[in-house]
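Participant: Chains as they are written, first to last, in the working numbering: chain Z, 19 to 229; chain U, 19 to 229. Glycine included, C-beta positions come from ideal geometry on N, C-alpha and C. Since we're looking at a predicted model, the values are computed, not measured.
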């Protein structure tokens, strides 16, 4: 991490302590910030959202849960660090809907799992003008001069800007797979990733050129 | 983490020490395993792949780099934990191509960034029969009896199963956005996520039902 990053980080953690954020949450904010490389506002809101979901579902430490995050912005990292729903362990799915919300559920042998959806409630945001201005990307929000005020709003509001609803989420079973060879690149690809004879990296998802 | 998970973890780390895996790599394997909740074979191969990329590109500790991971299976977590290219900080993109490979590049003000692509080389895998059987999901691989042998192959092979190539990757600039309201759910969504008047979570990406 850069020295600037470290200074911002220390400054943020001092502010959280001064505002009486409980030690356990501050520890989780520090862990999330270290992973993300800085204490982004959305990441810190995410810590409160995870806390909310964990309390409602009564998730035990180390318990296996699954999440769908409705935005790729910051929020997935709070789920990954605290609940260990990660991109790589198949317990986190990220959809590019842009809503600052996620669902969390336990595993289930049924076709559907019961879970909870936690979201930033735009009605409740109105009580926190700086936070609302940042959240809506309003031109009146100046991150150079209003950063401290934003974090004060976030840390003072805590869970007060959040709402939740009970949801049913379809359970996806693991599919059996064999190895296929892409006809274009000749590389091995699990059959579950292939829709034709050519892998996605050689067709729709091609993203680099050889030097 | 469950007690079973902890036992597996200790067992894996003992094996790594006995096979003379350098302490720094063992530390990174432990960090990745804690995040992922267990030392998955693909995650450990990923530690070697990140080490390979870091050496070729001479990435300094804390330096900001970007990655595209060509599979969602395990590998993204090695990139996230070690290089801090995370889903939430916009330095990691995951494509569902199914190839066990990633690219890493530094930021660039140009239209393209130079980077490196690291991949598991199927020709080189042939020297490690248990690893090859696991990798190809061959019916002869029995994870109940061959787990130790698999990890011995992975930890003994290290970077010997990997290859790399120099690549050019297009640089995506941050887009300006304003807040839009989805006509279906009424929730706020950044304009960059909206393709029409309805957000993705209310249309193509709808994934839950209210209870």
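Which partner residues of residue 56/Z appear in the DSSP bridge assignment?
Facilitator: As a working mapping, residue 56/Z is identified with position 38 in the first chain. In DSSP, residue 56/Z forms no bridge with anything.
Participant: In the structure shown, what three-state DSSP assignment does residue 132/U receive?
Facilitator: By 1-based counting over the second chain, the position of residue 132/U is 114. If DSSP states are grouped into helix, strand and coil, residue 132/U belongs with the strands.
Participant: In angstroms with no decimal places, state the Cα-to-Cα distance between residue 197/Z and residue 182/U.
Facilitator: Against the first chain, residue 197/Z aligns to sequence position 179. Against the second chain, residue 182/U aligns to sequence position 164. If you take the alpha carbons of residue 197/Z and residue 182/U, they lie about 22 Å apart.
Participant: Please report how far the alpha carbon of residue 32/U lies from the alpha carbon of residue 113/Z, in whole angstroms.
Facilitator: Counted from its first residue, the second chain places residue 32/U at position 14. Counted from its first residue, the first chain places residue 113/Z at position 95. Straight-line Cα distance between these residues: approximately 39 Å.
Participant: Classify residue 30/U: buried if its beta carbon has 16 or more other beta carbons within 10 angstroms, exposed otherwise.
Facilitator: Along the second chain, read from residue 1 onward, the residue named residue 30/U stands at position 12. Buried.
Participant: What does DSSP give as the partner residues of residue 87/U in its beta bridges?
Facilitator: Position 69 of the second chain, counted from the start, is the residue given in the question as residue 87/U. Paired residues: 112/U, 120/U.
Participant: Can the beta-carbon of residue 34/U be found less than 9 Å from the beta-carbon of residue 218/Z?
Facilitator: Here residue 34/U corresponds to residue number 16 of the second chain, with the count starting at 1. Here residue 218/Z corresponds to residue number 200 of the first chain, with the count starting at 1. Not closer than 9 Å, so no.
Participant: Could you tell me whether any Cβ in chain U is nearer than 9 Å to the Cβ of residue 212/Z?
Facilitator: Taking the first residue of the first chain as 1, we reach residue 212/Z at position 194. Closer than 9 Å: yes.
Participant: If distances are taken between C-alpha atoms only, which option among 174/U, 124/U, 109/U comes closest to residue 56/Z?
Facilitator: What you label residue 56/Z is simply residue 38 of the first chain in a count that begins at 1. Residue 56/Z has its Cα closest to that of 109/U, out of 174/U, 124/U, 109/U.
Participant: Short of 7 Å Cβ to Cβ, which residues in the segment 103 to 130 of chain Z face chain U?
Facilitator: Flagged, chain order: 104, 105, 106, 107, 112, 113, 114, 115, 116, 117, 121.
Participant: Is any beta-carbon of chain U found at less than 9 Å from that of residue 208/Z?
Facilitator: As a working note, residue 208/Z is residue 190 in the first chain. It does: the Cβ of residue 208/Z has a partner Cβ on chain U nearer than 9 Å.
Participant: Using DSSP's beta-bridge definition, name the partner residues of residue 167/Z.
Facilitator: As a working mapping, residue 167/Z is identified with position 149 in the first chain. The partner list for residue 167/Z (beta bridge, DSSP) is empty, contrary to what the question assumes.
Participant: If you drop the 5 nearest sequence neighbours on each side, which residues of the same chain put their C-beta closer than 7 Å to that of residue 143/Z?
Facilitator: By 1-based counting over the first chain, the position of residue 143/Z is 125. So the qualifying residues of the chain are 149, 150, 153, 179.
Participant: Between the Cα of residue 37/U and the Cα atoms of 207/U, 229/U, 176/U, which residue gives the shortest distance?
Facilitator: As a first step, residue 37/U is located in the second chain; it is residue number 19 there, counting from the start. Looking at the Cα atoms, 176/U is the closest of the given residues.
Participant: Report the residue from 185/U, 213/U, 199/U, 202/U whose alpha carbon sits nearest the alpha carbon of residue 226/Z.
Facilitator: Within the first chain, numbered from 1, the residue matching residue 226/Z stands at position 208. Residue 226/Z has its Cα closest to that of 185/U, out of 185/U, 213/U, 199/U, 202/U.
Participant: Around the Cβ of residue 89/Z, are there at least 16 other Cβ atoms within 10 angstroms (buried) or fewer (exposed)?
Facilitator: Locating residue 89/Z in the first chain gives position 71, counting from the first residue. Buried, because 16 or more other Cβ atoms sit within 10 Å of the Cβ of residue 89/Z.
Participant: Between the C-alpha atoms of residue 43/U and residue 95/U, what's the straight-line distance to the nearest angstrom?
Facilitator: Locating residue 43/U in the second chain gives position 25, counting from the first residue. Locating residue 95/U in the second chain gives position 77, counting from the first residue. When rounded, the distance between both Cα atoms is 15 Å.
Participant: Pick out whichever of 101/U, 209/U, 206/U, 165/U has its Cα sitting closest to the Cα of residue 52/Z.
Facilitator: To locate residue 52/Z, count along the first chain from 1; it is residue 34. Out of 101/U, 209/U, 206/U, 165/U, 101/U has the C-alpha closest to the C-alpha of residue 52/Z.
Participant: Can you name the start and end residues of the alpha helix (DSSP H) that residue 96/Z belongs to?
Facilitator: Numbered from 1 along the first chain, position 78 holds the residue referred to as residue 96/Z. Taken as a continuous stretch (DSSP letters only), the alpha helix (DSSP H) holding residue 96/Z covers 93 to 101.
Participant: Given residue 58/Z, which residues of its chain have a CB within under 7 Å of its CB, disregarding the five upstream and five downstream residues?
Facilitator: Translated into positions along the first chain, residue 58/Z becomes position 40. Counting only Cβ-Cβ distances below 7 Å, and skipping sequence neighbours, we find 92.
Participant: Nearest chain Z C-beta to residue 182/U closer than 9 Å, yes or no?
Facilitator: By 1-based counting over the second chain, the position of residue 182/U is 164. Taking Cβ atoms only, chain Z never reaches closer than 9 Å to residue 182/U, which makes this a no.
Participant: Cα separation between residue 172/U and residue 106/Z?
Facilitator: In the second chain, the residue the question calls residue 172/U occupies position 154. In the first chain, the residue the question calls residue 106/Z occupies position 88. The straight-line gap from Cα to Cα measures roughly 18 Å.
Participant: Please decide whether residue 99/Z counts as near chain U, where near means a Cβ-Cβ distance under 9 Å.
Facilitator: Working through the first chain from its first residue, we reach residue 99/Z at position 81. By this cut-off, residue 99/Z is an interface position.
Participant: Could you check where the beta strand (DSSP E) with residue 180/Z kicks off and where it finishes?
Facilitator: Position 162 of the first chain, counted from the first residue, corresponds to residue 180/Z. Unbroken beta strand (DSSP E) run through residue 180/Z: 180 to 188.
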